[in-house]
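Worksheet: the structure to be examined is printed underneath.
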Amino acid sequence: MPPIERHKIIICSRYTNPASLKRFSTVPGSRMHQWRPAGQVYAHAVMRPSELQPTQDQLEKRPHLRFVEVEVMAWFSNALSNKVFDVAGTILYLDSGLAPDRLSYRFSMQLEAPPECPVISSDPPVPRPSVAATVVVAVDVSDPEQKVMDMELKFELAESEPTTLPHTPVALPSLGVLQYLHDTKASDCAFRIRGTETLLYASRIMLMRGSQFFRSMFSGNWTETQSKDPISFTSWDAPAVALAFVHIYSGWTPDQPTLPEDVPPNLVDDFGCDPDSFDEDAWRHLFKLARFLGLKPLARAVNRKLVALLEEQFQELSEVTDVLPAKATELAPARKRRRIETKTDDVARAS
3 MPPIERHKII ICSRYTNPAS LKRFSTVPGS RMHQWRPAGQ VYAHAVMRPS ELQPTQDQLE
63 KRPHLRFVEV EVMAWFSNAL SNKVFDVAGT ILYLDSGLAP DRLSYRFSMQ LEAPPECPVI
123 SSDPPVPRPS VAATVVVAVD VSDPEQKVMD MELKFELAES EPTTLPHTPV ALPSLGVLQY
183 LHDTKASDCA FRIRGTETLL YASRIMLMRG SQFFRSMFSG NWTETQSKDP ISFTSWDAPA
243 VALAFVHIYS GWTPDQPTLP EDVPPNLVDD FGCDPDSFDE DAWRHLFKLA RFLGLKPLAR
303 AVNRKLVALL EEQFQELSEV TDVLPAKATE LAPARKRRRI ETKTDDVARA S
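Residue numbers (the numbering used here): 3 to 353.
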C-alpha cells in the first residue's frame with residue numbers, strides 16, 4: 003500500500019531582537035502554510051510563564067530553571083471534524099550567559115477537532131469553535147526578566163495516523179491497576195507533597211498515560227525525567243494529589259458516590275483523601291490541580307460538585323429567608339405591646 007500522506011501546517015515566529023519568555027506567540031496560520039486544501043485549519047501558539055515554580059531541590063541541580071506553558075489553539079473546518087492531530091514544536095533562543103549556541107527545548111501534544119457543526123452564514127463569517135491544548139516545558143534562562151536573543155517558537159501540526167489515539171486521559175477500571183497505586187514494589191517514582199512526610203508512590207507509565215503534564219515531565223528536559231529522587235509537589239495538598247492519582251489510575255470522579263472498591267486502604271489513611279471529608283476549599287484546590295495536570299474529566303466533575311455545593315448553600319439561605327418573615331410576624335404583636343406599654347408609662351410619668 004502507498005504511504006499515507008499526512009497533511010501538515012508549519013508555523014514559526016522568530017525575533018532577533020531581545021524577546022521575553024514571559025509572553026510570546028505566533029500569528030494564526032502564518033508563514034509556511036503547507037496544508038492542502040488551504041483554509042481547512044488555522045493554528046497558533048502562545049507561550050507564557052507557568053504557575054508551577056521550581057522547588058529549592060530543583061534549583062540546586064539546575065539554577066536557571068524556569069517553567070513555561072505553551073498553549074496551541076486551532077480552528078478546523080467541518081471536513082476535519084473528530085480527527086486527531088499531532089503537535090510537535092520547539093522553543094529556541096540564545097542565552098549568552100548559558101551557552102554560545104541557541105538552546106533548544108521540544109514539546110508535543112495532541113488536539114482533536116470538534117464535531118461537525120452547522121455553518122452560520124454571516125458577514126463577517128462566524129468562526130467554528132476552537133480547541134486548545136497546553137503543555138509545561140522546562141527551560142533555562144539566566145536573565146531575571148527572562149529576556150533572550152534570537153528567539154524562535156515553531157510547531158508542526160499534522161493529522162495523526164489512523165491508529166493513533168488522542169492523548170487524553172483514558173482510564174480502564176477493568177484493568178484493576180488502582181490497587182498498585184502507592185505500592186512501592188509496583189512504582190518507579192515518588193512524590194513529596196504538602197501536609198505529610200509520607201511519600202506518595204506511583205508508576206511513571208500510568209501517570210504519563212493519563213496526564214499531558216506528566217508526559218512532558220517524564221519525557222522532556224526536566225530534572226525529574228531521569229532523576230530517581232522524590233519529585234517535589236509541595237505546592238499541592240496531599241488529599242488533592244492522592245485523589246488526582248486515583249482518577250488517573252481508575253477514572254474515578256466525584257460523580258461517583260464512593261471511591262472504587264480496590265483503592266488501597268493505606269492511601270486513604272496516609273493522605274486523608276476521603277471525599278466525604280472534603281469541604282468547599284478542598285474541592286476548589288482539587289479543581290485547580292486537575293486543570294494544572296490536564297485532567298479534563300476530573301476538572302469537569304469537580305466543577306459540577308462545586309456547583310452542587312453552591313446550590314445547597316442557596317437552598318439553605320432560602321430556607322432561612324423564608325423563616326425570618328414568619329418569625330417577624332410572630333414577634334410583631336409582642337413588640338407592639340411593648341411600645342404601647344412604654345407610651346403609657348411615659349404618659350403616666352408626664353401627668
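Even for Gly, the Cβ is constructed at its ideal location relative to N, Cα and C. Every value quoted in this text rests on a predicted model; they were computed, and no experiment measured them.
For L61, list the residues DSSP reports as bridge partners. Paired residues: none, contrary to the question.
Check D257 in the structure and name its three-state DSSP category. coil
Cutoff 7 Å; reference D190; Cβ partners in own chain excluding five residues on either side: S205 and R206
Using alpha carbons as the reference points, say which of R306, P299, L105 and N305 lies closest to G212. P299
Give the range of the beta strand (DSSP E) segment to which S110 is assigned. Judged by DSSP secondary structure, S110 falls within the beta strand (DSSP E) whose first and last residues are L105 to E114.
When you compare only the Cα positions, how much space is there between A242 and A101? 40 Å
In terms of DSSP beta bridges, what is E226 paired with? Partner(s): none; E226 has no beta bridge.
Beta-bridge pairing of G91 - partner residues as DSSP gives them: G91 is bridged to F109 and F157.
For V243, report the span of its alpha helix (DSSP H) as first-last. Counting along the chain, the unbroken alpha helix (DSSP H) around V243 starts and ends at A240 to S252.
When you compare only the Cα positions, how much space is there between F78 and V43? 5 Å
With distances taken from CA atoms, which of E226, R68, K85 and T200 is nearest M210? Residue E226 is the option with its Cα nearest to M210.
Which one of D272, P266 and L113 has the shortest CA to CA distance from Q214? Answer by Cα proximity: L113.
Same chain, Cβ closer than 6 Å to M219, neighbours up to 5 away in sequence not counted: E226
Go through its chain and collect everything with a Cβ distance to P4's Cβ below 8 Å, but skip five positions before and after it. Residue placement at P4 cannot be trusted, given a pLDDT of 39 that sits under 50; the coordinates are not used to answer.
Can you check whether the CB of S83 is closer than 8 Å to the CB of P116? yes
So, do the stretch 15–31 and the stretch 143–161 have three or more beta carbon pairs nearer to each other than 8 Å? yes
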